[in-house]
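Here the structure comes first, spelled out in structure tokens, and everything after it is commentary.
Protein chains in written order, with my numbering: chain X, 20 to 550; chain S, 43 to 363.
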């Protein structure tokens with residue numbers, strides 16, 4: 020090849036590259052709606068969903084925007100009908116749930132919604148070839164079948180009181196999702212549902228955009244365009260909110276503070292079931308001792324954690340149930356009582372050693388406490404807990420690790436864990452405290468064993484009488500005072516800063532996960548622009 | 043020249059195959075659990091039975107060698123497999139993203155080369171002058187500055203303080219159509235940051251090369267013959283001064299890839315780099331292997347390109363390698 024021809028070739032390559040670059044960005048389209056238009060909203064969220072496919076677990080707790088469930092939660096977490104025309108008809112033995120379906124509902128591609136879509140959705144989720152990690156939540160379902168086009172009948176294997184709460188699960192269209200690989204098919208990124216919004220784009224790692232579904236059965240939403248920008252870094256999210264790029268965002272308490280009292284912006288505070296707790300593994304000689312557990316339970320200064328770590332955005336936690344909930348048992352609040360803690364330890368034979376750390380039968384009162392690397396909130400909680408414990412003579416070493424490192428050690432080492440699910444007390448308590456689930460994956464991480472609690476959990480799960488259930492969960496909370504297998508520390512409020520240009524913003528009681536479904540945008544379809 | 047390209051292509055095959063196996067081996071030895079990555083927070087409340095079933099469904103319970111062999115043989119038939127973390131075929135993941143990464147990287151590269159060369163020549167002309175001293179010290183500072191820090195700085199200054207450029211994303215956050223104008227506006231900051239982070243190397247090489255060349259006999263001779271200063275500078279000094287930079291172009295490719303990785307993350311740029319990070323931390327074998335092959339190929343091509351350019355610029359070197 021001569022120099023000349025090489026130069027020509029190089030020029031061709033350059034030209035091709037430029038053409039490619041130009042082609043890549045010349046995808047024609049109408050100009051963007053001006054940001055800040057009254058009928059569009061852009062919010063910043065911290066977590067991106069893995070998929071938008073309800074069959075793989077997306078939106079299982081309701082509020083999926085693109086989809087509807089048979090039922091939905093309202094602002095106060097009460098069930099209301101959605102794709103079902105009314106609340107289900109429950110048989111006398113409470114093993115059969117019959118749902119009458121709403122008539123005239125269509126998927127956004129125009130296809131009518133019917134009972135076969137419901138049956139398809141539940142059967143696919145229950146199919147073990149479907150990679151759905153939340154399948155256990157539907158464990159009670161024995162069979163689901165259609166009775167004509169507008170009736171669906173669930174048969175349960177055992178009476179399960181909160182079953183109706185599980186039917187907020189979004190319904191997928193069989194004529195689309197049923198014709199492709201459920202785990203990797205195009206439906207996972209291009210979903211079609213019956214919901215108030217239609218997905219218009221999902222640029223992974225950047226944003227998810229929606230437009231209002233004009234034919235929504237609940238009425239066309241007033242916010243016509245809705246965008247969720249995915250911004251993992253808290254500081255960048257706050258920066259983009261300040262720059263006017265976002266209309267609202269979830270922010271940690273210290274950053275939300277910077278927007279306080281600002282004209283045109285409002286901070287919305289959602290109370291939650293989101294707790295931070297320390298697992299006290301039964302298999303550990305120190306943490307497994309009831310006296311140590313009880314001492315730690317009153318040696319920690321929960322209010323100080325709320326004030327200093329959460330900047331006041333939270334509440335002390337005494338169990339999985341937040342103090343503001345109707346399921347909370349009054350009289351189970353614990354006062355911060357360092358002297359009382361020391362007394363309990365003294366009486367149980369844990370005597371202070373030379374270095375101030377207590378010893379009993381040659382066992383030093385010390386154990387490690389793990390927290391998730393990079394999680395500042397958990398780290399702060401862990402350090403505060405260790406410092407409180409030290410004052411009572413218990414030596415807790417905090418260690419950071421990923422779940423891969425922590426999981427094999429959960430049987431003997433303490434972990435700073437988080438969790439919480441509103442809706443029904445059964446949802447997290449059964450998994451957290453049931454001895455049959457001790458060490459099953461991440462269920463009952465502390466391997467807590469208490470027959471009285473086991474019995475109460477079973478009663479709470481099976482009974483449909485509210486008073487009986489309340490009594491059962493009261494028993495659980497009182498047992499946790501007598502023998503705390505976990506030290507519950509705080510319930511954390513979630514803070515959202517939103518531009519004040521809409522009416523109708525509210526928040527629900529939120530779960531531990533705060534992704535797309537939570538925040539004031541849980542009902543963006545009901546917002547109306549301010550005049 | 044064609045022979046050199048052909049020989050390099052042949053050599054690339056065993057290199058690429060070895061690299062994919064290494065990726066599988068390293069990923070398998072890593073402490074990350076693909077099932078945990080796949081299930082995310084849902085996995086934290088899932089039963090062991092449920093998790094075991096997903097492990098079997100994903101095929102990650104198979105031994106390392108058979109998993110790699112399955113991937114390799116189906117990749118050769120054009121099936122790159124399914125990405126577990128993205129829940130879609132690997133080919134789709136790459137097709138959706140590679141264009142945006144290429145656009146970003148090429149723009150940044152062009153910026154770094156053009157700006158670096160221009161500044162380098164100017165600085166070499168008056169070594170020790172004001173421009174030389176300013177730009178040189180700036181270049182040394184930039185060399186030490188991490189790209190993500192520059193990115194955050196740029197967001198703070200241009201998007202927040204001045205409010206003239208968007209802080210992130212491919213298009214305006216509120217828009218869901220991709221227009222050339224929007225992409226161009228959104229490209230400015232990430233490309234500038236990535237370009238500027240690469241700039242010092244080009245600048246310093248050109249400055250040194252051209253400076254040395256200006257002191258050499260042929261240039262002095264040209265000056266003595268009364269040729270115009272521009273001709274001397276561009277025709278003689280730059281031509282020989284550029285030689286070390288041509289090697290540099292190829293060797294900067296890996297650096298460009300890692301730089302793009304950080305810059306894409308800071309600016310929420312929907313390119314391939316963000317997918318690479320996710321694939322790695324989620325032990326997503328098919329996606330990780332495909333992306334590594336791509337990156338390796340880019341590096342090999344970069345080296346080939348710089349050798350070719352070198353041969354082109356300096357006939358004494360030739361193409362025999």
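For glycine and all other residues, C-beta sits at the position ideal for the given N, C-alpha and C. Owing to the predicted nature of the structure, the values given are computational and were not obtained by experimental measurement.
Nearest-angstrom Cα separation, counted from residue j out to residue i
{"i": "residue 545 (chain X)", "j": "residue 259 (chain X)", "result": "25 Å"}
{"i": "residue 135 (chain X)", "j": "residue 71 (chain X)", "result": "21 Å"}
{"i": "residue 199 (chain X)", "j": "residue 77 (chain S)", "result": "22 Å"}
{"i": "residue 285 (chain S)", "j": "residue 175 (chain S)", "result": "23 Å"}
{"i": "residue 131 (chain S)", "j": "residue 209 (chain S)", "result": "30 Å"}
{"i": "residue 315 (chain X)", "j": "residue 539 (chain X)", "result": "37 Å"}
{"i": "residue 185 (chain S)", "j": "residue 244 (chain S)", "result": "11 Å"}
{"i": "residue 241 (chain S)", "j": "residue 47 (chain S)", "result": "28 Å"}
{"i": "residue 217 (chain S)", "j": "residue 117 (chain X)", "result": "43 Å"}
{"i": "residue 149 (chain X)", "j": "residue 80 (chain X)", "result": "18 Å"}
{"i": "residue 449 (chain X)", "j": "residue 329 (chain S)", "result": "37 Å"}
{"i": "residue 154 (chain S)", "j": "residue 72 (chain S)", "result": "36 Å"}
{"i": "residue 52 (chain S)", "j": "residue 118 (chain S)", "result": "16 Å"}
{"i": "residue 172 (chain S)", "j": "residue 294 (chain S)", "result": "28 Å"}
{"i": "residue 352 (chain S)", "j": "residue 277 (chain X)", "result": "56 Å"}
{"i": "residue 345 (chain X)", "j": "residue 105 (chain S)", "result": "51 Å"}
{"i": "residue 406 (chain X)", "j": "residue 456 (chain X)", "result": "31 Å"}
Nearest candidate by alpha-carbon position, reference residue i, set the options
{"i": "residue 292 (chain X)", "options": "X:339, X:112 and X:449", "result": "X:339"}
{"i": "residue 494 (chain X)", "options": "X:469, X:509 and X:510", "result": "X:469"}
{"i": "residue 323 (chain X)", "options": "X:416, X:399, X:374 and X:347", "result": "X:399"}
{"i": "residue 183 (chain X)", "options": "X:105, X:249, X:329 and X:124", "result": "X:105"}
{"i": "residue 336 (chain S)", "options": "S:71, S:246, S:92 and S:143", "result": "S:143"}
{"i": "residue 15 (chain X)", "options": "X:261, X:325, X:254 and X:266", "result": "Outside the displayed span of chain X (20 to 550) sits residue 15 (chain X), for which this structure offers no information."}
{"i": "residue 173 (chain X)", "options": "X:407, X:160, X:308 and X:264", "result": "X:160"}
{"i": "residue 338 (chain S)", "options": "S:299, S:359 and S:261", "result": "S:299"}
{"i": "residue 298 (chain X)", "options": "X:462, X:516 and X:247", "result": "X:462"}
{"i": "residue 113 (chain S)", "options": "S:350, S:345, S:327 and S:357", "result": "S:327"}
{"i": "residue 177 (chain X)", "options": "X:355, X:479, X:250 and X:304", "result": "X:479"}
{"i": "residue 206 (chain X)", "options": "X:300, X:75, X:476 and X:484", "result": "X:75"}
{"i": "residue 341 (chain S)", "options": "S:307, S:308, S:291 and S:325", "result": "S:291"}
{"i": "residue 92 (chain X)", "options": "X:108, X:216, X:361 and X:442", "result": "X:442"}
{"i": "residue 427 (chain X)", "options": "X:542, X:460 and X:358", "result": "X:460"}
Cβ of residue i within 7 Å of any chain X Cβ
{"i": "residue 293 (chain S)", "result": "no"}
{"i": "residue 90 (chain S)", "result": "yes"}
{"i": "residue 83 (chain S)", "result": "yes"}
{"i": "residue 50 (chain S)", "result": "no"}
{"i": "residue 215 (chain S)", "result": "yes"}
{"i": "residue 129 (chain S)", "result": "yes"}
{"i": "residue 280 (chain S)", "result": "no"}
{"i": "residue 86 (chain S)", "result": "yes"}
{"i": "residue 143 (chain S)", "result": "no"}
{"i": "residue 207 (chain S)", "result": "no"}
{"i": "residue 310 (chain S)", "result": "yes"}
Strand pairing of residue i, partner residues [DSSP]
{"i": "residue 115 (chain X)", "result": "X:174"}
{"i": "residue 17 (chain X)", "result": "Absent from the structure is residue 17 (chain X), since the part of chain X shown begins at 20 and ends at 550."}
{"i": "residue 130 (chain S)", "result": "S:125"}
{"i": "residue 221 (chain X)", "result": "X:227"}
{"i": "residue 437 (chain X)", "result": "X:295"}
{"i": "residue 389 (chain X)", "result": "X:418 and X:434"}
{"i": "residue 507 (chain X)", "result": "X:296"}
{"i": "residue 247 (chain X)", "result": "X:62 and X:227"}
{"i": "residue 92 (chain X)", "result": "X:98"}
Closer than 7 Å to chain B by CB, residue i
{"i": "residue 295 (chain X)", "result": "No chain B is part of this structure, whose protein chains are labelled X and S."}
C-beta neighbour in chain S for residue i, strict 7 Å
{"i": "residue 12 (chain X)", "result": "Outside the shown range of chain X (20 to 550) lies residue 12 (chain X), about which nothing can therefore be said."}
{"i": "residue 69 (chain X)", "result": "yes"}
{"i": "residue 397 (chain X)", "result": "no"}
{"i": "residue 104 (chain X)", "result": "no"}
Would you list, in sequence order, the uninterrupted alpha helix (DSSP H) runs of no fewer than 4 residues that lie entirely inside the region 468-498 of chain X?
470-481
Continuous alpha helix (DSSP H) assignments of at least 4 residues falling wholly in the region 103-180 of chain S:
106-118 and 132-167
With a floor of 4 residues, list each alpha helix (DSSP H) that falls wholly inside the region 303-360 of chain X, ordered by position along the chain.
309-318 and 321-327
Any alpha helix (DSSP H) of 4 or more consecutive residues that is wholly inside the region 237-324 of chain S:
259-266, 285-308 and 314-323
Kindly provide the ranges of any alpha helix (DSSP H) runs that are 4 or more residues long and lie completely inside the region 153-202 of chain X, ordered along the chain.
As far as the region 153-202 of chain X is concerned, its whole alpha helix (DSSP H) runs of at least 4 residues are 182-185 and 193-196.
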